[in-house]
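For reference, the structure is listed below as structure tokens.
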Amino acid sequence: MNNENREVAIRLSGVKKMYKLGQIGGGTLQGDLQSWWARIRGKEDPNTKIGTDQRLVGQTFMALNGVDLTVYKGEALGIIGGNGAGKSTMLKLLSRVTAPTDGEIDIYGRIASMLEVGTGFNGEMTGRENVYLNGAILGMTKAEIDAKMEQIIEFSEVRDFIDTPVKRYSSGMYVKLAFSVAAHLDSEIMIMDEVLAVGDMAFQKKCLDKMRDAAKKEGRTVLYVSHNMNTIRQLCDRCVVLDKGKVAFEGDVEEAIGVYLGTKNSNKPVIDLNAQEREKWFTKCPARMMQLIVDNDQGVYVMNSCIKAHLSVESSVNVDDAILGVFLVHQGIAVTCSKSPSVIRLRKNETVDFSFMIDLERLAPGNYTVKLVLSRQNELGGAEYLDVVMDGYMFEIVQPEGYMNNMKWNIRNHGYLTGREIEIIQN
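Take any residue in the sequence shown, note its place counting from 1, add 361, and you have its number in the numbering used here.
If you want it as structure tokens, here you go:
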């Protein structure tokens, strides 16, 4: 389609966003005052997380560094990239949560955004009252909100709790109502961060169908951030890859996914896990995986081989029974999971090193990412997370020469795992 004849919904021109590291941002006034008082006395900052480089105090960080982007009306645009690439910062700028340091942002239409669980909700107000609040923020009248109320309640699946204060909602209920509000109130532009991961699978599918209809049938513009490549494929017409605050690629969805999967890390044999940003849902970090050393600087392995790895961990607590979980992820889907026995011993303020192997047996050829989870079992038999690294290492599995007469394996058609060879017995 010729973009010259399309109406523009959003235009970003040379947008930059700069943050000053270590100056503010303790989360509370008390935390900021504690940090300031510790600095002027030459003491260690009590609010600094394990592994944080103290040299960052006073330096600046460019979350976005000169982004030029045009989004057209009726378009479903996917935004992907590694942690810290600038995705959430861009959405916050578009939602006017914060202002750009430099550049211009032109928006043509009202925006309904959902950046995290409970965005724009007042915990003391009921679900129904929060619907009116969000509608009023978008500039809608009470009559217009009343006309949409029944649709919102029906879609959200929280009818029995709609007159209950939302502070009593579970995270899943929050997501259901917040998405329903954003999807049904009159706005020309929908902005969605990856909050749907909290909801159940059936509701995620319903949300994707609703966003697809909003773009295709209602002519609304949808911006969607996700680490799940399958949902990006299902929803988006076009995709943008962000890397280090800049647009690394803009265009076809499949090409964008290829660029993203090919640039998540540089396949160096020594990987700095400490520098990787942790996910928003995981805030506590009693231990921190610092460094991963692997045996292959090319990141290419033959089918049925294994990865030899060495991991360094720092801890702020004593743990005698830590467990290492290794997830192998393909296009946002965990294909396999392996766990160690609960024998890893961590000591407060000490570094522990240990080696392990990642078995690649039966995995089909393709690109994979290693997700590392350090945990322990709680009293109820569940997992108490100590540290989680989503993109620990990216590697590729290739077919050996002569395998199946060099017949190419298609993961989409044949699956992620290769079954054992079938023995044929002829009568």
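Using N, Cα and C, we set each Cβ at its ideal position, and we do this for glycine too.
Excluding residues up to 5 positions away in sequence, G488, M534, K537 and L538 lie with their Cβ nearer than 7 Å to the Cβ of V519 in the same chain. When the Cα atoms are used, E515 and F522 turn out to be separated by approximately 12 Å. Less than 8 Å separates the beta-carbon of L747 from that of A648.
Annotation: the continuous beta strand (DSSP E) that includes A695 extends over I694 to K700. Inter-segment contact for the segment 647 to 665 and the segment 754 to 761 is present: three or more beta-carbon pairs are separated by less than 8 Å. One Cα belongs to D393, the other to V602, and the distance between them is close to 34 Å.
Around the beta carbon of I785, fewer than 16 other beta carbons sit within 10 angstroms, so the residue counts as exposed. With a threshold of 16 other beta carbon atoms within 10 Å, S374 falls short and is exposed.
From the listed residues V713, N635, V749 and A446, the smallest Cα separation to F422 is found for A446. Distance between Q395 and V696, taken at the CA atoms: about 44 Å. Cβ-Cβ separation between T431 and R372: approximately 5 Å, consistent with a contact (criterion under 8 Å). In the structure shown, E616 adopts helical secondary structure according to DSSP, grouped into three states. In the pairwise beta carbon analysis, the segment 725 to 743 is classified as touching the segment 682 to 691: at least three pairs are separated by under 8 Å.
For K378, the uninterrupted beta strand (DSSP E) run begins and ends at V369 to K381, by DSSP.
Taking all protein chains shown into account, L596 has 16 or more neighbouring C-beta atoms within 10 Å of its C-beta and is therefore buried. Residue range T421 to Y433 is occupied by the beta strand (DSSP E) that includes T421. Taking C-beta atoms as the reference points, K709 and S676 count as a pair closer than 8 Å. Partner residues in the beta bridge of M755, as assigned by DSSP, are T730.
Minimum Cα-Cα distance from L634 among the listed residues V655, L622 and I772 corresponds to V655. For E782, no alpha helix (DSSP H) encloses it, and the DSSP letter there is neither H nor E. A direct Cα-Cα distance of roughly 34 Å separates I468 from I694.
For E638, no beta strand (DSSP E) segment is defined, and its DSSP state is neither H nor E.
Of the residues G742, Q512 and Q565, the one whose Cα lies closest to the Cα of D547 is Q512. For E465, the pairing in a beta bridge is given by DSSP as S374. Under DSSP, P526 takes part in a beta bridge, and its partners are T487. Residue pairing by DSSP places K607 opposite D604 in a beta bridge. The Cβ atoms of I441 and A617 lie closer than 8 Å to each other.
DSSP, read as helix, strand or coil, puts F482 in coil.
Judged by DSSP in its simplified three-state form, Q395 adopts helix.
Assignment of M664 by DSSP, reduced to helix, strand and coil, places it in the coil class. K378 and E490 have their C-alpha atoms roughly 34 Å apart.
When the five nearest sequence neighbours on each side are left out, the beta carbons in the same chain lying within less than 6 Å of the beta carbon of C600 are those of G439, V614 and A617, in order along the chain.
With respect to the 8 Å criterion, L721 and I772 are not classified as neighbours on the basis of their beta carbons. Under the three-state reduction of DSSP output, M553 falls in the strand class.
The bridge partners DSSP lists for I684 are S736. As the crow flies, the alpha-carbon of V376 is around 32 Å from that of K645.
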